[in-house]
Every structure is written in C-alpha cells, then in structure tokens.
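Novice: Sequential numbering of the sequence shown, starting at 949, is according to this note's numbering. Every residue gets a Cβ at the ideal spot worked out from N, C-alpha and C, and that includes glycine.
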Amino acid sequence: MGKDVIVACDFSSKAQVLAFLDRFPERKPFVKIGMELYYAEGPAIVQEIKARGHKIFLDLKLHDIPNTVKKTMAVLSRLDVDICNLHAAGTAAMMRAALEGLTRPDGSRPMLIAVTQLTSTDQAAMEQELLIHAPMEEVVMHYAQNAKQAGLDGVVCSPLEAGRVHAACGRDFITVTPGVRFADGDNGDQKRVMTPAAAKAIGSDYIVVGRPITAAADPVSAYARCVAEFCD
Ligand code: C5P
C-alpha cells in the first residue's frame, strides 16, 4: 500500500472543483469528495472526477441501521471509488453489513474505513452529551479495534493517534489522517496538527490535506511540497 496525499476538495460546486483540478496537468491528486460537494452535485461529480484519472475517497460517513447502510454501500460501490467510510459508532453489525453491501459479485470492493470520534467532539461533549465516560484515547482505540474486528481496512484519525492505532490494530490497518499543516503555515480551525513529514515519520498511510493546498496562492506547488515531504 503506497503512501499518498489526499486533497480534500471541499468545494460546493462542480465549476469550482473542476477549475481547481484543471490546475494539475501532471500528477493527478487523490481526491476526497465530502458531503458538501456530493450533495450539491450528486454521483455524477464522482464519475466525472474519476474519468479525469483521479483516485477518490468518498467521505460520506454513513451511520444508520445495518440494512440501510448495506443497501447504500451497494449503490456507492457501483461508483468504483477507492475508499468509502462510515462511523464506527454505528456498531460492528453496521460495519459488517457495510462490507457486505460494498463487496461486488466478483469479490472486489473499495477500501472501507471508519471514523472513530470526530475531532470536533471533545472529552466534555462525549461525557455530558453522549454519556461516554472513558478517556478519549481509549474510546478511539476501542472503536479502531471494533472496526478491525468487523473486517474494515482502517480508520480516519489524527496523525497524533496513528502510531497507537498501528500498535493496537497492526501495521496493515491503514490510518488516514487529516489535521496536517506546513511548519510555516496557518492552522485555521485545526487544533491538533502535524506536518506532512512528521505524519510520515509516525506512520500515517494517507494524509488528508485541504486548505493548505486549496487555499494556497499556488496550489500545485503546495501539493508538490506535501508529496515531497510525505511520499518521497
Ligand atoms: O482544510 P483542512 O486541511 O483542515 O481539511 C481537512 C479535511 O479533513 C476536511 O475535509 C475535514 O472535514 C476532514 N476531516 C478532519 N478531521 C476529521 C475528519 C475529517 O479535518 N476528524
């Protein structure tokens, strides 16, 4: 499994995302399509970006009853993306159903990864609103192990957690890590950040980078800098 930089294409229209991707004539970035773009443009935007030669992480974070997730994953599987995801909080039964739905008649399927606890949820919210009283780190590792036991391929987590996830779930269990910033960059609303080079050193398999590339004056060189620090 190759290390790669996934560019979070958090745009709200086809025109914006295609204008952005048009700037990359050579190496085609691995693209993350999230809820905003998918709900704005529908499955056609996935097909169009795929047809342009990009790998795709479809970040829709499914969380529903197992039967609904299974049927939805079967539909998403037809889009032939590279990575799909869901919330580990949906339980092992939901994760197993998702894998069943995602698997095509020939046995192939996109990789499936789980969100553990969102980085926007802190210990206080978890305890007071969700009535989960274990420490955040223990909850994240437990959810990662649930995902591993359900047969998933990995988790989305902070790069700060990637080393411990690998220690708990094995080196082949992939870690996809947002919260990446250049050493001389602006952190924006990300609180716990790491540079691409540090994420590589700690063992992240894929980094997800949005604004440091999409909002850069020169997105192509910002992407090249990420690739040089993380992949090379
Ligand atoms: O612009 P930035 O680099 O912060 O973008 C990070 C991307 O990763 C965004 O699409 C954000 O929604 C996503 N993400 C995150 N933290 C998580 C899960 C996803 O930042 N825990």
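(1) Please state whether DSSP places residue 988 in a helix, a strand or coil.
(2) Does the Cβ of residue 1030 lie closer than 7 Å to at least one heavy atom of the ligand C5P?
(3) Which one or two residues does DSSP pair with residue 1062 in a beta bridge?
(4) From the DSSP output, read off the bridge partner residues of residue 1096.
(5) So, are the CB atoms of residue 1116 and residue 1149 less than 8 Å apart?
(6) Cβ-heavy atom distance between residue 1159 and the ligand COA below 7 Å?
(7) Check whether the Cβ of residue 952 lies closer than 7 Å to any heavy atom of the ligand C5P, and answer yes or no.
(8) Within 10 angstroms of the Cβ of residue 987, are there 16 or more other Cβ atoms? Answer buried if so, exposed if not.
(9) Residue 969 by DSSP, collapsed to three states: which one?
(10) Leaving out the 5 sequence neighbours to the left and right, which residues in its chain are closer than 6 Å to residue 1126 when beta-carbon positions are compared?
(11) Measuring CA to CA, which of 976, 992 and 1095 is closest to residue 1028?
Specialist: Inspection of the coordinates gives the following:
(1) Here the question's residue 988 lines up with position 40 in the sequence shown. Correct three-state label for residue 988: helix.
(2) Against the sequence shown, residue 1030 aligns to sequence position 82. Checking the Cβ of residue 1030 against the ligand C5P gives no.
(3) Here residue 1062 corresponds to residue number 114 of the sequence shown, with the count starting at 1. According to DSSP, which records beta bridges pairwise, residue 1062 is partnered with 1034 and 1103.
(4) What you label residue 1096 is simply residue 148 of the sequence shown in a count that begins at 1. For residue 1096, which the question treats as bridged, DSSP gives no partner whatsoever.
(5) Taking the sequence shown and counting its residues from 1, one reaches residue 1116 at position 168. Taking the sequence shown and counting its residues from 1, one reaches residue 1149 at position 201. Not closer than 8 Å, so no.
(6) Absent from the structure shown: the ligand COA. Ligands present: the ligand C5P.
(7) To locate residue 952, count along the sequence shown from 1; it is residue 4. Residue 952: no, Cβ never under 7 Å from the ligand C5P.
(8) As a working note, residue 987 is residue 39 in the sequence shown. Residue 987 should be labelled exposed.
(9) Taking the sequence shown and counting its residues from 1, the one referred to as residue 969 is at position 21. Helix.
(10) Position 178 of the sequence shown holds residue 1126. Here the set comprises 1156.
(11) Position 80 of the sequence shown holds residue 1028. Minimum Cα distance to residue 1028 is reached at 992.
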